[in-house]
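What follows is a short report on a single structure.
Number of protein chains: 2
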Amino acid sequence: MTDSDIYQSVFERNRQWVKERTEEDPAFFEKLAKEQHPDFLFIGCSDSRVPASAIMGVEPGAVFVHRNVANLVVNIDSNSLSAIHYAVDHLQVKHVVVCGHYGCGGIKAAMQPRDLGILNGWLREIRDVYRLHHDELDAIDDPDETLKRLTELNVREQCINVIKTAVVQRNYLDRKAPRVHGWVYDLSNGYLKDLNFPFDEMLEKVREIYRLTPDPRKDLDLSGKNPPLPAKKKKDD
Amino acid sequence: MTDSDIYQSVFERNRQWVKERTEEDPAFFEKLAKEQHPDFLFIGCSDSRVPASAIMGVEPGAVFVHRNVANLVVNIDSNSLSAIHYAVDHLQVKHVVVCGHYGCGGIKAAMQPRDLGILNGWLREIRDVYRLHHDELDAIDDPDETLKRLTELNVREQCINVIKTAVVQRNYLDRKAPRVHGWVYDLSNGYLKDLNFPFDEMLEKVREIYRLTPDPRKDLDLSGKNPPLPAKKKKDD
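Going line by line, the protein sequences match chains W and V.
Going by the working numbering, the first residue of the first sequence is number 1339, and it counts up by one from there.
Going by the working numbering, the first residue of the second sequence is number 1339, and it counts up by one from there.
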């Protein structure tokens, strides 16, 4: 097929898809067009082999999706933070999922000694994950296993970055949602693996330093009378 | 269903999906895991009703996907620019598609007189599109039609933002790819509409100001002998 044929064939397949959906349910698109009420925000990798709705087996309308290189959530990134804000505050999603995948080109690229131009800064976030967990990662002998574990730890750290946001902390205090989950998708067999991210424990831990909702007993008192940092975890926290 | 049931049901559906795919082709995941060679980069909206691969009717592996609120490509946004760079330079995609959709909540929100917090800056890009095209948009009486046209013009402007990047200009000069396309997805009927973005014409036009590959006849000469801006379009450009 020429480039142009490849391009044109998409429109044929789109018409075929519409035909199949309306044969199953003539009102399919009419109902869908009214509003979206997704239960999930899915933050996943741009990799062509990780189509969010397909691997989750869900219908259009179920998952609000942000996809970028290596499923990152960066403190100053308007792009991912806007997606989180919109999904959590405006759509009131119940679950936020960060989904990485083994065999991620972004993770591999990040650990290569190469100047990747504009990608350097973005992928540096992954080396920052390595730095936080270097004892564990350095102890693994097999380079493939190191990358696999780095993929899992990257998901974990991005889950933590989601919890660091005010919008997630505030919503969880108000409506006990969203909960944050970490998954890895295994390209070699198609299965989603739940990393069982310890949400409640991490929420409490993250809020020791990143608490963004007021608590007069604990927050920084600029008068100098109280300890200069929020108090450490207490039983009644 | 409780929140927890909703969550757990994803893993059941994922196992079902794996079963179906491997029944069709026992080597499906094995082949897919080897490498990705997508022909397309799809830049689309995070909206839950716009699942890229499904509406394009393509298999996993065919489309590298970046999705954000209102399908924007912003000059200083590391996130979208990293996705473009990775797809164009490293995966050598043949087509870059910017796909908007009618009924976009981001577009609607952008035009409301409300303080949307962290979303303000992101959505301001859409008002910037309005500003560039206000004559045309102000002339439309029906507010729904105004939003529809704004959706199309937003796609057009994001296509132009893609062309402004060095990686796209350099790749197109080197290998005659990628070409950039603008689509709108119509939620009410499921059809993809090709806006027939005039790529060749726009590439030339954009490069009058945003040329990022050297051309000694035309580029800014700091000695002051040549005109201070690149020469206007010539026949041999």
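Just so you know, even glycine gets a beta-carbon here, dropped at the ideal spot from N, CA and C.
**Asked** Does the stretch 1406–1415 of chain W come close enough to the stretch 1443–1453 of chain W to have 3 or more Cβ pairs within less than 8 Å?
**Response** yes
**Asked** Cβ of Ala1392(V) within 8 Å of Cβ of Pro1364(W)?
**Response** The residue you call residue 1392(V) lines up with position 54 of the second sequence. The residue you call residue 1364(W) lines up with position 26 of the first sequence. No.
**Request:** Give me the Cα-Cα distance between Tyr1468(W) and Asp1512(V), rounded to the nearest whole angstrom.
**Result:** On the first sequence, residue 1468(W) is found 130 positions in, with the first residue counted as 1. On the second sequence, residue 1512(V) is found 174 positions in, with the first residue counted as 1. Each residue's Cα considered, the two are about 36 Å apart.
**Selected residue, minimal CA-CA separation from Phe1317(V), among Gln1430(V), Trp1355(V) and Thr1340(V)** = Chain V is shown from 1339 up to 1575; residue 1317(V) falls before or after that span and cannot be answered.
**Item:** Any chain W beta carbon closer than 8 Å to Tyr1345(V)
**Value:** If you number the second sequence from 1, residue 1345(V) lands on position 7. Closer than 8 Å: yes.
**Request:** Within the same chain, show all residues whose beta-carbon is closer than 6 Å to that of Lys1432(V), passing over the 5 residues directly before and after it, in chain order.
**Result:** The residue labelled residue 1432(V) in the question sits at position 94 within the second sequence. Excluding sequence neighbours, Lys1432(V) sits near Asp1377, Ala1515 and Pro1516.
**Message:** Against chain W, does Ile1456(V) count as a neighbour if the rule is that its beta carbon must be under 8 Å from one of theirs?
**Reply:** The residue labelled residue 1456(V) in the question sits at position 118 within the second sequence. Yes, because at least one Cβ of chain W sits closer than 8 Å to the Cβ of Ile1456(V).
**Cβ neighbour criterion (16 or more within 10 Å) applied to Ala1448(V)** = The residue you call residue 1448(V) lines up with position 110 of the second sequence. So Ala1448(V) ends up on the buried side.
**Request:** Look at the alpha carbon of Asn1564(W) and the alpha carbon of Lys1502(W), and state the distance between them as a whole number of angstroms.
**Result:** The sequence position of residue 1564(W) within the first sequence is 226, counting from 1. The sequence position of residue 1502(W) within the first sequence is 164, counting from 1. Note on Asn1564(W): pLDDT 47, under 50, position unreliable in the model; the coordinate value appears next. When rounded, the distance between both Cα atoms is 24 Å.
**Message:** Residues in the same chain with beta-carbon distance under 6 Å from Val1379(W), minus the five sequence neighbours each way, listed in chain order, please.
**Reply:** The sequence position of residue 1379(W) within the first sequence is 41, counting from 1. The question names Val, yet the displayed sequence has Leu at residue 1379(W). So the list reads Phe1402, Ala1425, Val1431 and Val1434, once near-sequence residues are dropped.
**Message:** So for Leu1470(V), helix, strand or coil by DSSP?
**Reply:** Translated into positions along the second sequence, residue 1470(V) becomes position 132. It is helical.
**Message:** Between Ser1445(V) and chain W, is the shortest Cβ-Cβ distance under 8 Å, so that the two count as touching?
**Reply:** Stepping through the second sequence from its first residue, residue 1445(V) is reached at position 107. The sequence as given places Ile at residue 1445(V); Ser does not occur at that position. It does not; no Cβ of chain W falls within 8 Å.
**Prompt:** Roughly how many whole angstroms lie between the Cα atoms of Asn1417(V) and Ser1418(W)?
**Reply:** Numbered from 1 along the second sequence, position 79 holds the residue referred to as residue 1417(V). Numbered from 1 along the first sequence, position 80 holds the residue referred to as residue 1418(W). Computed Cα separation, rounded: 8 Å.
**Prompt:** Does DSSP put Ile1547(V) in a helix, a strand or coil?
**Reply:** Stepping through the second sequence from its first residue, residue 1547(V) is reached at position 209. Of the three classes helix, strand and coil, the one that applies to Ile1547(V) here is helix, per DSSP.
**Message:** Below 8 Å, how does it come out for the stretch 1493–1500 of chain W and the stretch 1528–1545 of chain W: are there three or more Cβ pairs, yes or no?
**Reply:** yes
**Item:** Complete beta strand (DSSP E) runs within the stretch 1502–1543 of chain V (minimum length 3 residues, chain order)
**Value:** 1517–1523 and 1530–1532
**Message:** So with CB distances below 7 Å, who are the chain W contacts of Ile1393(V)?
**Reply:** For the purposes of this step, residue 1393(V) is taken as residue 55 along the second sequence, with counting starting at 1. Within chain W, the residues near Ile1393(V) are Asn1352 and Trp1355.
**Message:** Helix, strand or coil for Gly1381(W)? Go by DSSP, reduced to three states.
**Reply:** Counting from one through the first sequence, the residue named residue 1381(W) turns up at place 43. Rather than Gly, the amino acid found at residue 1381(W) in this sequence is Ile. Strand, per DSSP.
**For Gly1443(W), the first and last residue of its enclosing alpha helix (DSSP H)** = Residue mapping note: residue 1443(W) aligns to position 105 of the first sequence, counting from 1. That run of the alpha helix (DSSP H) goes Gly1443 to Ala1448.
**Prompt:** What residues of chain W sit near Leu1530(V), judged by a beta carbon separation below 8 Å?
**Reply:** If you number the second sequence from 1, residue 1530(V) lands on position 192. What Leu1530(V) touches in chain W: Val1348, Phe1349 and Asn1352.
**Item:** Per-residue DSSP class, three states only, for Val1431(W)
**Value:** Here the question's residue 1431(W) lines up with position 93 in the first sequence. Looking at Val1431(W) - three-state DSSP - the assignment turns out to be coil, as it is neither helix nor strand.
**Request:** Determine the direct distance from the alpha carbon of His1471(W) to that of Ser1342(V), and round the result to whole angstroms.
**Result:** As a working mapping, residue 1342(V) is identified with position 4 in the second sequence. As a working mapping, residue 1471(W) is identified with position 133 in the first sequence. Near 31 Å, if we compare the C-alpha coordinates of His1471(W) and Ser1342(V).
**Request:** Could you tell me which residues DSSP puts in a beta bridge with Phe1366(V)?
**Result:** Along the second sequence, one-based indexing puts residue 1366(V) at 28. According to DSSP, which records beta bridges pairwise, Phe1366(V) is partnered with nothing at all.
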